[in-house]
Amino acid sequence: MKLKKGIPVIDQGDRLGFWGGKFGGNFVPETLKKPIEDLEIQFNKLKNDKNFIKERDRYFKNWIGTPTRFIKLNNLTKYVDGAQIWSKVVSDANGGAHKIYNATVHCLMAKRSGKKVIIGDTGAGYAGKMLSMAAKKFGLKCKIFMGAKDIKRQQPNVKAMKENGADVIPVYSGSQTLVDAVSECMRYWVANCDTTAMCVGSTVGPAIFVRICGWSTSQISRELKVQLINEFGDVPKKLKLYNCVGGGSSSFGFWNEFMDYDKKQVEFIGVEAGGPTKSKRHAAPLTYGSKIGILHGAAQYVNQNRDGQIEETESISAGLDYPGISPLHCFLKDTKRARYTAASDEEALKAYQIVTKYENLRPSLEPSHAFSIAIKEAKRFSKDTIVIINSCGDAYKDRGILEKKLGKKYVKSN
Amino acid sequence: MLNPISIAFKKAKKEKRPALLTYTVAGDSSKKQSLNILKAISNYADILEVGIPHNTPVADGGQIQTSAYRAIKNGIKMNDIFKIVSEFKKSKNPKPVIFMGYYNMIFQYGENNFLNKCKKSGVNGLIVVDLPWPENKIFSKRCKKNSINFIQLLSPTTSNKRLKSITKDSHDMIYYISMLSTTGGKLKVSPKKILANYDKIKKISPKKNCVIGFGITEKNVSNFKNTDGLVVGSQICKEITRSLNNRQNPVINVSKMVSKLRNKIS
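So the protein sequences, as listed, match chains A and B. Residue numbers for the first sequence follow the numbering used here, so the first one is 3 and each next one is one higher. Residue numbers for the second sequence follow the numbering used here, so the first one is 55 and each next one is one higher.
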């Protein structure tokens, strides 16, 4: 299995949509073949259409607010006493997380194809919140599928979705988390694909959704590359990019522009959710060696039992609480371009405390996983190593959990 | 030699009625009960679809999901499902069995192992909901080699070009999904429109037995008397749930329902 240079990773799949011959694909009911094919044709055309790119960039700039900040975390650097610690503050984006890029692109496409309704899944609530914002912006009706357990633990985002006029549809089946929300959303699409557009909230699902999402979030690394050159004159000689990985949309977007660099120069580190220390359950299929299986239309490493039933996951972070992982990351793992590890619930919470103690930055529980590993590893790196953590979400949505786990003092008033 | 599925269609045709296909989930609500249900409805149905329960089904509506979750919760495993089929095949009046499920269950078992086991236990056909054409080309050939009917699905969104290619690659039986819906949805398209699509398929592929499924219930089944076959699934799963909730015997209730269905199309 080999990663090709000079070709975007999203375009390295084969005729049937498999990366490396075995990850991804289109394991979908016959009914979805046509809408998926339509979407493929539309996307393949639009991604090379200068006017569309212009339109996208205009919304990214004026509405989402690009570029997001790239900042040095001086106090954390001192605390770590090893590598320089920087952060790409993607949570600056309108809405507070990277999910806005994919949501915007999907709405732009839905609008062009004449669809009136857009549906989407959500775990942490960010994908749902952003889709509801974008749908409102572009005059589309919006339905968000969300696990009942996640609705309870991510109330601020649920409130935001409703304020944007979206229907939030609770999903009670299975574990009542993201995996069930995605299933339910796909089922709704099967029944309504003639009038309704679907946005999958991460780089998961049938191949076309993986590609659209990866293409959209790549905005992050496009900005970062420019910012690095402005700051250091060039892409640093020792650069390490840490990102949490649930479905894998923010990490893929954070790394994409640097794909062709040697990994000795630009290393990618994906941090999965290890779950509670005491629990056997986790949401880290790459770290803990899960087998390849099919979930939500794509072949990928996925937590499952011997029979092939998908296993329930456990993580403090709703956004990472997914038993599978993007086919793109399976591909990056097996081609050894990226390295994957996991942080536990407790480690993520501790990292949140450290970051908020030293810096004026409040990463949500998802990027706190990445901070945890970055802080740990950066201690043994040389001073000229540049460590960057993608702070891809803001902790506002996690207030309830943080208050419960750490006490009121960690939760600021906004 | 004709395979048992084709023989079943032939027999129904002789009686000038569509073949009746039922769908129940293996292990719903227990291994023993699901076997007893198969034995009981075998007296009225022509072909039995046996659902392999899966916990992330992307094409099943509420009724079948409920049945599947119930079966999984009661501990059903792939090997138990094979056992149910082989037990059923030893019973007094067995009918052809078609497995219906999601590809991951086959993939984890290993395609070859799975097909061997199907053959041994007496499974006659396979419907794999999330393995569409052309992705299923290799696997469907493998099925044919093992004398197992791989049943291609067609839907209202299937283009004419696709329709031609799919029917060309299909075996003796094809399955037309009546409308844009998950299983068990209310029939939101008129029977007339469904039959028009059915006729279109038959015109392209007159020799293949084409069944209609999704949304077929006691109420509307008599509209489709002039077809090769009809599948009733969600209504049966719903009846199992209702029986359990009312502490009644699902075996008796389901068998009554299937007998009624059979009368309505005879």
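For each residue, glycine too, the CB sits at the ideal point set by N, CA and C.
- For the 7 Å CB-CB criterion, K399/A and N245/A do not form a contact.
- Taking a contact to require three or more Cβ pairs closer than 8 Å, the region 67-82 of chain A and the region 136-150 of chain A do not qualify as touching.
- Between I290/B and the set K86/B, S96/B, Q117/B, N299/B, the nearest pair of CA atoms involves Q117/B.
- As DSSP reads the structure, C264/B sits in a beta bridge with I228/B.
- Annotated as distal: T279/A and S370/A, with beta-carbon spacing of 7 Å or more.
- In the DSSP assignment, A345/A falls within the beta strand (DSSP E) that extends over 340-346.
- Cβ-Cβ distances below 6 Å link S297/B to P304, N307 in the same chain, with the five nearest sequence neighbours on each side left out; the list follows chain order.
- With three or more CB-CB distances shorter than 8 Å, the region 273-291 of chain B counts as touching the region 66-77 of chain B.
- In the three-state reduction of the DSSP assignment, S89/A falls in the strand class, which pools E and B.
- Collapsing the DSSP output to three states places W65/A in a helix.
- Among the CB atoms of chain B, none fall inside 7 Å of the CB of K352/A.
- In this structure the region 127-142 of chain A does not lie against the region 229-241 of chain A, because fewer than three pairs of beta carbons, one per stretch, are closer than 8 Å.
- For R196/B, there are no CB contacts under 6 Å within the same chain when 5 residues up- and downstream are skipped.
- In its chain, beyond the 5 residues on either side, D123, F147, I171, V173, S175 have a beta carbon closer than 8 Å to the beta carbon of E186/A.
- For C195/A, the residues of chain B that pass the 8 Å Cβ criterion are T211, L234, in the order they occur in the chain.
- Among the residues of the region 195-227 of chain B, those with a Cβ less than 9 Å away from any Cβ of chain A are Q206, L207, L208, S209, P210, T211, T212, S213, R216, I220, in the order of the chain.
- Rounded to whole angstroms, the gap between the alpha carbons of I202/B and P188/B is 18 Å.
- Distances from the CA of A85/A to each of K4/A, R382/A, C394/A, L404/A were compared; the closest alpha carbon is that of R382/A.
- Interface residue (Cβ-Cβ distance to chain B less than 7 Å): G130/A is not classified as such.
- For the C-beta of N158/B, the chain A residues within less than 7 Å are, from N- to C-terminus, G295, I296, G310.
- The residue from A340/A, D51/A, I388/A, R58/A with its alpha-carbon nearest to that of F234/A is I388/A.
- Scanning the region 57-130 of chain B from its first residue to its last, the whole beta strand (DSSP E) runs of 3-plus residues come out as 73-79, 101-105.
- According to the DSSP secondary-structure assignment, N392/A is paired through a beta bridge with K90/A.
- Check the Cα spacing between A286/A and each of G22/A, N305/A, K24/A, R224/A: the tightest is with N305/A.
- Residues are counted here when their Cβ sits less than 7 Å from a Cβ of chain B; for the region 171-192 of chain A these are S175, G176, V181, S185, M188, R189, V192, given in chain order.
- Less than 7 Å separates the beta-carbon of E32/A from that of S209/B.
- Taking a cut-off of 8 Å for Cβ pairs, the region 259-271 of chain A and the region 207-219 of chain A do not touch, as fewer than three such pairs fall below it.
- DSSP, reduced to helix, strand and coil, places D169/A within a strand of the structure shown.
- For N305/A, there is no enclosing beta strand (DSSP E), since its DSSP letter is neither H nor E.
- Counting other Cβ atoms within 10 Å of its Cβ, Q156/A reaches 16 or more and is therefore classed as buried.
- Sorting D323/A, Q178/A, K35/A, I87/A by C-alpha distance to the C-alpha of S384/A places I87/A at the top.
- Rounded to whole angstroms, the Cβ separation of A372/A and I391/A is 5 Å, and the two are in contact under 8 Å.
- Inter-residue distance for G239/B and Y157/B is about 23 Å (C-alpha atoms, whole angstroms).
- By the Cβ rule, the region 147-154 of chain B counts as touching the region 89-98 of chain B, because three or more pairs are nearer than 8 Å.
- With respect to the 7 Å criterion, I270/B and T221/B are not classified as neighbours on the basis of their beta carbons.
- By the Cβ test, the region 77-84 of chain B is in contact with the region 112-132 of chain B, since at least three Cβ pairs between them sit closer than 8 Å.
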